[in-house]
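Visitor:
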Amino acid sequence: MARQAAFLARLLVLIGLTLTCSIHALDVRIEADMSAIIQRPKAVEQHELSGWQNPSAALLVTAKDASAADYLTFLSNLVLDLQFDPNIEQVVSIFSVPASSPDQDLEQALGGKGDAQMVLSAFRQNNMLAQSLLGPDLRTSVIILQGPKEGLEASLKPHLSCDNPNQHCVKGIGMISIEQAITSQLTLENKYLPAITGLVVFAILSFWFRSAKTGFLLLVPPAVGVIWYVGTLAFFGIPLDSFNSLIPSIALTLGLCDMLHIKRAMHHRKATRRDARAAMVHVLPAITFTTLTTASAFGSLAFEGSEILSRLALCGALGMVCLYGAILLVSDICIAATPAAVPKKNFKRRSLAILLRIIKATMRSKRTIQITSLSFLTVALVVTLLTPVNFQFDENLPDGSVKQGLHVAAKADLALAPVFATIPNISVENARAVLDRIYHQRLSKTQIDPLLRNVTEHNRLIAPIHMPIAFDARQIKALMQDVKSRVGPNYQADITGYPVLVADSVTRSIKRLQIVLAISVLLQSAFFAVLYRSARMGVAALIANALPLLLVHALFALTIGYINVAMAVALVIASGIIVDDTAHLIWNSKQRADKQFSIRQGILATHEPITLTSLVLIISFGLLLSSALPGLFLMGAAIALALIAAWIADLLILPALLKPACRGPVFPRNERDHDQ
Numbered sequence: 001m002a003r004q005a006a007f008l009a010r011l012l013v014l015i016g017l018t019l020t021c022s023i024h025a026l027d028v029r030i031e032a033d034m035s036a037i038i039q040r041p042k043a044v045e046q047h048e049l050s051g052w053q054n055p056s057a058a059l060l061v062t063a064k065d066a067s068a069a070d071y072l073t074f075l076s077n078l079v080l081d082l083q084f085d086p087n088i089e090q091v092v093s094i095f096s097v098p099a100s101s102p103d104q105d106l107e108q109a110l111g112g113k114g115d116a117q118m119v120l121s122a123f124r125q126n127n128m129l130a131q132s133l134l135g136p137d138l139r140t141s142v143i144i145l146q147g148p149k150e151g152l153e154a155s156l157k158p159h160l161s162c163d164n165p166n167q168h169c170v171k172g173i174g175m176i177s178i179e180q181a182i183t184s185q186l187t188l189e190n191k192y193l194p195a196i197t198g199l200v201v202f203a204i205l206s207f208w209f210r211s212a213k214t215g216f217l218l219l220v221p222p223a224v225g226v227i228w229y230v231g232t233l234a235f236f237g238i239p240l241d242s243f244n245s246l247i248p249s250i251a252l253t254l255g256l257c258d259m260l261h262i263k264r265a266m267h268h269r270k271a272t273r274r275d276a277r278a279a280m281v282h283v284l285p286a287i288t289f290t291t292l293t294t295a296s297a298f299g300s301l302a303f304e305g306s307e308i309l310s311r312l313a314l315c316g317a318l319g320m321v322c323l324y325g326a327i328l329l330v331s332d333i334c335i336a337a338t339p340a341a342v343p344k345k346n347f348k349r350r351s352l353a354i355l356l357r358i359i360k361a362t363m364r365s366k367r368t369i370q371i372t373s374l375s376f377l378t379v380a381l382v383v384t385l386l387t388p389v390n391f392q393f394d395e396n397l398p399d400g401s402v403k404q405g406l407h408v409a410a411k412a413d414l415a416l417a418p419v420f421a422t423i424p425n426i427s428v429e430n431a432r433a434v435l436d437r438i439y440h441q442r443l444s445k446t447q448i449d450p451l452l453r454n455v456t457e458h459n460r461l462i463a464p465i466h467m468p469i470a471f472d473a474r475q476i477k478a479l480m481q482d483v484k485s486r487v488g489p490n491y492q493a494d495i496t497g498y499p500v501l502v503a504d505s506v507t508r509s510i511k512r513l514q515i516v517l518a519i520s521v522l523l524q525s526a527f528f529a530v531l532y533r534s535a536r537m538g539v540a541a542l543i544a545n546a547l548p549l550l551l552v553h554a555l556f557a558l559t560i561g562y563i564n565v566a567m568a569v570a571l572v573i574a575s576g577i578i579v580d581d582t583a584h585l586i587w588n589s590k591q592r593a594d595k596q597f598s599i600r601q602g603i604l605a606t607h608e609p610i611t612l613t614s615l616v617l618i619i620s621f622g623l624l625l626s627s628a629l630p631g632l633f634l635m636g637a638a639i640a641l642a643l644i645a646a647w648i649a650d651l652l653i654l655p656a657l658l659k660p661a662c663r664g665p666v667f668p669r670n671e672r673d674h675d676q
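Numbering-wise (the numbering used here), the sequence shown opens with residue 1 and increments by one.
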C-alpha cells in the first residue's frame, strides 16, 4: 500500500508539473536579436559616434521608371514623414548631406530650379557620404533611421510598399528588418518542425519495435523533459532564438537514447516489469555521465561571452537538467508499460552479424585503422587551423522582400549604416593630405570643404568611409586596414560604425567558439581517462570524438571556404551529442562479471541503441535541411554529417583503438555472432 501511495503521489506531481509547464509553454517568445551576439568595447561606447553602433533601421527606396524629379519629390515626402515620427530620433538620407555648391542643392531641385537629374548626378559625384546613400542609377537610395528598437519596428511597417517594383518601392533592409524576417520564419518553422520531428521519430520506433505502443511510451519521458524545458523558458521570460530552438529536438533524441539503453538493460537482465526501476538504476551512471558531458558542452559556450551564446549555454544546460529529471522520474513507469519484446526480425540479426564481421575485419587491421585515423585527424586539424572565419549580413536571412532589397542595394553599392574614420589632433593642412590618401584621389574644393569644417572647429577629422552592403567581415577588415595604412603612422585612425562592430564581434566570437570546442573535447577525453583510470582510454575517446568534428569542419572549410557562426555553434553542439554513444559503449564494455573489458559485450549491448538513436538524430537534424533559414540549414547539415562520422568512429574505429585495453581476444572464435 505504501508503495502504491508513493507511486500515485509521484504520478500526480508529474501530471501537475507537466500541465503547468504546458500552459506556460504556450507563452514562450521567439526572437532573432542580431545585436545579442555583439560585444561593445568601452572605447566604442565612449565614442562621440557611439549612437551609430546600435542596430539601425534602413529603408531602400527605388523607382526605376520614374523621372528624377518625381523620385526626388517622393523621397523628400517620405523623409519628411519619417522626421515627424516620434519613434524615430534621427533620419539620415541624401537630404542630410550638405550641398557644396548651388548645382548640387537638392532643395533647389525640389523647387524646380535646375534639372533634377543633373543635380543628383553632381551631388553624388562630389559628396563622399552621398555615395553610400545614393546609387549610380540615381533611382536607388537608402534612408537610415535611428531610435529605440521597439519604436522603429512599429514605425517601419506603414511606410513599406512595393506594389510595382518599377514605380516607387520602399523595402526594409536594415538590421531590424533582417531580425523581423528571421523571427517570422523561425516562428513559422517552430510550429511544424518539432511536430514533424516527433512524428518521424515515432514512426521509426514503431517500425523498429513493431509496436506503436512501444514507440509512444519510449517518447513520453523525453517529451515530458522538452515540455518542462519550454515551460521553464516561458516562466523566466527567456525567448527562443535561432540557436536555442534546436534544444527541444536534441533533448528529444538524447532522451530517446537513454530510454533505449534502459529498455536494453531490462531485456538483457531478463527483468520483469516490476524491475524497470532497477534497470534504470543500472544504466543511471552512464546516463548521468552523458548528461554531464552534453551539459558541459553547452555550458562551455558561456565562455564565448556574447549574450546570445551565453543564453544558449544556459538553455542547453537547463534542457539537459529537465531531460535528466524526466528520465529519472518517468522512465521506469513507461518502460514497465511497454509490451513484451517481439522476436527480432531476420534483417536485424543479419545486420548485427554483418556489423560484427566488419568490426572483426577492422580488428584484424587495427594497426592500419589506427594509422589511418591519426592521418585523417592530422590532415583535418591542419585544414581547420588554416581556414579563415567570416560573416555575412544576410547569411541567415530567408528568401523574401528583405533579402531581395539587400541584393538590390548591394548591386547599387549602397551602405547599410554609416562608417566613419575619426582622426584627432590634426591640422587643416595635414587633413587635406590625409583625405587625399584615404580617397585615392585629390579632392576638389567642393568635396573637401564639408570634411574640413569639423577640423577647423574641433581639431578633429571625421571622414565618411564607403562600406558597401555586399562586404563580408573579411572585406570589412581588409578595408579598415587599408584605410589605416593610408592615414599613415603619424595619426591614429579610429574606424567607427555598426558594420565594423558586427564584423569584429562576430569573427572574434567564432574564434572563441573554436577554442571552446577544442577545450570541450579535451575535457571530455580527460573525463574518460580519469573515470576509467586509463590514459589509453582517454586518447581513444579523444580520437573517436574529435575525428568526426574535424572531418566535418574540414569538409565545410574546403567547400565553403570559411567558417561562420552557424558552423562553429553546430560543432560545439555536436561535440556534446556524439560523446554519448562513446560513453555508453565503453560503459557497457566494462560491465562484465569478471570486471574485464569486453568490446564485444559493449557492442552487443549498445549497437541497437547507438544505431537507432544515430538514425533518429540524423533524420531529426536532416529535417533542418528543409529550413528556409540558411543558418539552420547549415547547422542541420553539419550536425547530421558529424553524427554519421561519429557512428562509424564509435562502432568501427573505437574498437580498434581500444584493443590494447582488452585482455584476451576481442571476439572469441567459438562465440556466435548473435545478440545475447
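From the three backbone atoms N, C-alpha and C, an ideal C-beta is built for every residue, glycine too.
Predicted, not measured: the structure shown is a model, and the values here were computed from it.
Within 8 Å, do at least three Cβ pairs link the segment 102-119 to the segment 382-396?
Guide: Using a Cβ-Cβ distance cut-off of 8 Å, the segment 382-396 and the segment 102-119 are not in contact, since fewer than three pairs of beta carbons, one from each stretch, lie closer than that value.
Visitor: Could you give the first and the last residue of the continuous alpha helix (DSSP H) run that contains residue 319?
Guide: 307-337
Visitor: Please state whether the Cβ-Cβ distance between residue 11 and residue 88 is less than 8 Å.
Guide: no
Visitor: To test your reading of the DSSP string, which unbroken beta strand (DSSP E) runs of 3 or more residues are found completely within the segment 445-517?
Guide: Runs of the beta strand (DSSP E) inside the segment 445-517: 460-464, 494-497.
Visitor: Pick out whichever of 275, 248, 316, 590 has its Cα sitting closest to the Cα of residue 194.
Guide: 248
Visitor: Take every Cβ of the segment 126-136, pair it with every Cβ of the segment 77-97, and state whether three or more of those distances are shorter than 8 Å.
Guide: A contact exists between the segment 126-136 and the segment 77-97.
Visitor: Alpha carbon to alpha carbon, how far is residue 175 from residue 181? Give it in angstroms, no decimals.
Guide: Computed Cα separation, rounded: 10 Å.
Visitor: With distances taken from CA atoms, which of 164, 493, 454, 584 is nearest residue 484?
Guide: 493
Visitor: Would you call the CB atoms of residue 280 and residue 332 closer than 8 Å?
Guide: yes
Visitor: For residue 613, I'd like the list of residues in its chain whose CB is within less than 7 Å of its CB, leaving aside the five on either flank, ordered along the chain.
Guide: Here the set comprises 253, 256, 257, 260.
Visitor: Check residue 227 in the structure and name its three-state DSSP category.
Guide: Residue 227 falls in the helix class under three-state DSSP.
Visitor: Please classify residue 229 as buried or exposed, where buried requires at least 16 neighbouring CB atoms within 10 angstroms.
Guide: It counts as buried.
Visitor: Measuring CB atoms only, is the segment 67-76 touching the segment 430-443, in the sense that at least three cross pairs come out at less than 8 Å?
Guide: no
Visitor: With distances taken from CA atoms, which of 198, 215, 552 is nearest residue 226?
Guide: 198
Visitor: Quick test of the definition: if touching needs 3 or more C-beta pairs under 8 Å, does the segment 434-450 touch the segment 497-507?
Guide: no
Visitor: By the 10 Å Cβ neighbour count, where 16 or more other Cβ atoms means buried, how is residue 80 classified, buried or exposed?
Guide: Exposed is the label assigned to residue 80, since fewer than 16 other Cβ atoms lie within 10 Å of its Cβ.
Visitor: Looking at residue 30: is its Cβ nearer than 8 Å to the Cβ of residue 186?
Guide: A contact, by the Cβ cut-off of 8 Å.
Visitor: Between residue 283 and residue 323, what straight-line distance do the alpha-carbon atoms span, to the nearest angstrom?
Guide: Cα to Cα, the separation comes out at about 15 Å.
Visitor: Would residue 552 pass as a contact of residue 642 if the rule is Cβ separation under 8 Å?
Guide: yes
Visitor: When DSSP builds the beta bridges, which residues end up paired with residue 398?
Guide: Residue 398 is not bridged to any residue.
Visitor: Here's a check: name, in chain order, each residue in its chain whose Cβ is nearer than 7 Å to the Cβ of residue 130, leaving out the five neighbours to either side.
Guide: 94, 97, 123, 124
Visitor: Cβ of residue 173 within 8 Å of Cβ of residue 325?
Guide: no
Visitor: Within the chosen definition, does the segment 371-378 reach the segment 625-636 through at least 3 CB pairs nearer than 8 Å?
Guide: Result no; under three Cβ-Cβ pairs closer than 8 Å.
Visitor: Which residues in the same chain have their Cβ closer than 8 Å to the Cβ of residue 18, if we skip the five residues on either side of it in sequence?
Guide: 224, 227, 228
Visitor: Starting from residue 420, follow its DSSP beta bridges and name the residues at the other end.
Guide: 464, 496
Visitor: Which one or two residues does DSSP pair with residue 389 in a beta bridge?
Guide: 563
Visitor: Please tell me whether residue 298 and residue 313 are closer than 8 Å, where the distance is taken between their beta carbons.
Guide: yes
Visitor: So within the segment 111-184, which uninterrupted beta strand (DSSP E) runs reach at least 3 residues, ignoring any that extend past its ends?
Guide: 140-146, 169-172
Visitor: Considering only the alpha carbon of each residue, which of 557, 657, 523 lies closest to residue 586?
Guide: 657
Visitor: Do residue 692 and residue 152 have their C-beta atoms within less than 8 Å of each other?
Guide: Here the chain has residues from 1 to 676 only, and residue 692 is not among them.
Visitor: Hey, could you find the ends of the beta strand (DSSP E) residue 28 is sitting in?
Guide: Run containing residue 28: none; DSSP gives neither H nor E here.
Visitor: Would residue 241 pass as a contact of residue 32 if the rule is Cβ separation under 8 Å?
Guide: yes
Visitor: Under the assumption that residue 646 contacts residue 264 (Cβ atoms under 8 Å), give the Cβ distance between them as a whole number of angstroms.
Guide: Wrong, their Cβ atoms sit about 19 Å apart, outside the cutoff.
Visitor: Should residue 397 and residue 469 be called a contact, given that it needs their Cβ atoms to be closer than 8 Å?
Guide: no
Visitor: Taking all protein chains shown into account, decide if residue 293 is buried (16 or more other Cβ within 10 angstroms of its Cβ) or exposed.
Guide: buried
Visitor: Do you know how far the Cα of residue 167 is from the Cα of residue 463?
Guide: 34 Å
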